[in-house]
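Structure first, then comments.
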C-alpha cells in the first residue's frame with residue numbers, strides 16, 4: 009500500500025509554483041475514472057489546469073473515462089459490512105450510470121469484492137481504498153478496467169466507516185441503501201431494528217445534542233422568519249417570538265433526531281424507550297448511504 013504521507017498528498021506542489029491539493033486530485037479522479045497517481049501526474053504536468061489535465065489523460069489512453077466525465081452516477085451498489093468481531097463497519101457505494109448495470113450479478117459481485125477488501129485491509133477512506141490491491145491489482149485500476157469493459161462511468165462515490173464496541177449493519181432495497189449503527193454493547197437484534205429505523209426515517213442525528221450547531225441555527229432562523237411573517241404576530245415582542253421558535257425547534261428535534269422518533273415497529277414508544285427496554289442500549293452514532 010502506498011504511503012500517502014511520504015507523497016505529501018495533502019499539499020502537493022508541482023515544479024512550478026502551482027499547488028496541487030488532494031481535493032484537486034480527487035476531483036479529477038471522480039471526473040475521469042483515472043487512478044490517483046495518474047491524476048496527480050496529469051495535474052503536475054499541466055500546472056493544475058483541470059481541462060488540460062483531462063486532455064493529458066486522454067492522450068495516455070483514458071478516452072472512455074474522459075468522454076463520460078460530465079455524467080452523474082446516480083445508480084450503483086450500496087454495501088454495508090462489519091468485521092467478524094462487529095467492532096468496525098464500513099458502508100460504501102460503487103456507483104454506475106444505469107440500473108441495468110447496478111442489478112447485474114457480475115457488477116454486484118465486483119462491488120462486493122471491493123467492500124470485502126475494505127474490511128480486510130482496515131480501510132479508512134475512499135482514497136485509501138483505491139490503492140488497496142485485490143489479487144495483485146489496485147482497486148483504482150480494477151475500476152478503470154471495469155469502466156472500459158462496460159462503457160459506463162463508475163467509481164467509489166461514497167465511503168463511511170464506524171468503530172464501536174458493537175456495530176450493526178443493514179442493507180435495504182436490493183443494495184440501494186446501507187446503514188451502520190454504533191452501539192455501546194453487543195445487541196444484534198436492537199442494532200438491526202435501529203438500522204431499519206434509520207433507513208426508513210433518515211434522522212439527522214442521534215439526539216438534539218448531536219445536531220450540528222449550524223443546522224440548529226439554520227432551522228432557528230427559518231422558523232423565526234416564518235413566525236415573524238405571520239400577520240397575527242405583528243407587534244409581538246421578540247421574547248414571545250423566540251419562545252415560539254424554541255417550541256418549533258423542539259418539534260424539529262422530535263421529528264428529525266433518532267432517539268425522539270416514534271419507533272417504526274411500535275409507534276406507541278420512542279426509539280429511546282425501545283432501547284431502554286432492550287437492555288438500555290446506547291446508540292453512539294450511525295452512517296446512512298443511499299442512492300439518488
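Numbering (the working numbering), first residue to last: 9 to 300. For glycine and all other residues, C-beta sits at the position ideal for the given N, C-alpha and C. These numbers come from a predicted model, not from an experiment.
Report task. My understanding is that residue 187 touches residue 109, with C-beta atoms under 8 Å, so please give their C-beta distance in whole angstroms. Result -> Position 179 of the chain shown holds residue 187. Position 101 of the chain shown holds residue 109. Their Cβ separation, rounded to whole angstroms, is 23 Å, which puts residue 187 and residue 109 out of contact at 8 Å.
Report task. Would you kindly report the start and end of the unbroken beta strand (DSSP E) that includes residue 172? Result -> Here residue 172 refers to the residue found at position 164 when the chain shown is read from its first residue. Here residue 172 belongs to no beta strand (DSSP E), and DSSP marks it neither H nor E.
Query raised in the report: If we ignore side chains and look at the alpha-carbon of each, how far apart do residue 218 and residue 112 end up?
Result: By 1-based counting over the chain shown, the position of residue 218 is 210. By 1-based counting over the chain shown, the position of residue 112 is 104. Residue 218 and residue 112: Cα-Cα distance of roughly 39 Å.
Query raised in the report: Taking the alpha-carbon positions, what's the residue 88 to residue 157 distance?
Result: The residue given as residue 88 occupies position 80 in the chain shown. The residue given as residue 157 occupies position 149 in the chain shown. One C-alpha to the other measures close to 26 Å.
Query - Closest residue to residue 183 among 161, 141, 123 and 189 (Cα-Cα distance) - result: Reading the chain shown from its first residue, position 175 is the one you call residue 183. Considering only alpha carbons, the answer is 123.
**Report entry** Neighbourhood of residue 56 by C-beta, 6 Å cutoff - its chain only, sequence neighbours within 5 removed
**Finding:** In the chain shown, residue 56 corresponds to position 48, counting from 1. For residue 56, where only same-chain residues beyond five positions count, the Cβ hits under 6 Å are 26 and 28.
Query raised in the report: Near residue 116, what residues of its chain come up, given a Cβ to Cβ distance below 6 Å and the 5 sequence neighbours on each side ignored?
Result: If you number the chain shown from 1, residue 116 lands on position 108. Result list for residue 116: 85, in chain order.
Query raised in the report: Residues in its own chain within less than 8 Å of residue 60 by CB, not counting five upstream and five downstream?
Result: Walking along the chain shown from the start, residue 60 turns up at place 52. So the list reads 54, once near-sequence residues are dropped.
Query raised in the report: Per DSSP, residue 185 forms a beta bridge with which residues?
Result: In the chain shown, counting from the first residue as 1, residue 185 sits at position 177. Per DSSP, 180 and 298.
Query raised in the report: Is it buried or exposed for residue 222, if we count other Cβ within 10 angstroms and need 16 for buried?
Result: As a first step, residue 222 must be located in the chain shown, where it is residue number 214. That one is exposed.
Query raised in the report: Quick one: is residue 234 buried, meaning 16 or more other Cβ sit within 10 Å of its Cβ, or exposed?
Result: Reading the chain shown from its first residue, position 226 is the one you call residue 234. Label assigned to residue 234: exposed.
Query raised in the report: Can you tell which of 94, 240, 214 and 237 has the C-alpha that lies nearest to the C-alpha of residue 295?
Result: Against the chain shown, residue 295 aligns to sequence position 287. Checked all of 94, 240, 214 and 237; the closest Cα to residue 295 is 214.
Requested in this report: Can you tell me the Cβ-Cβ gap for residue 271 and residue 262, rounded? I've got them flagged as a contact below 8 Å.
Outcome: Start at 1 with the first residue of the chain shown, and residue 271 comes out as number 263. Start at 1 with the first residue of the chain shown, and residue 262 comes out as number 254. About 13 Å separates the two Cβ atoms, so there is no contact after all.
Report task. Can you say whether residue 146 is buried or exposed, counting buried as having 16 or more other CB atoms within 10 angstroms of its CB? Result -> Taking the chain shown and counting its residues from 1, the one referred to as residue 146 is at position 138. Residue 146 comes out buried.
Query - Rounded separation between residue 63 and residue 162 - CA only - result: In the chain shown, counting from the first residue as 1, residue 63 sits at position 55. In the chain shown, counting from the first residue as 1, residue 162 sits at position 154. Going from the Cα of residue 63 to the Cα of residue 162 covers about 20 Å.
Requested in this report: Within the same chain, show all residues whose beta-carbon is closer than 6 Å to that of residue 241, passing over the 5 residues directly before and after it, in chain order.
Outcome: For this step, residue 241 is matched to residue 233 along the chain shown. These residues qualify, in order along the chain: 235.
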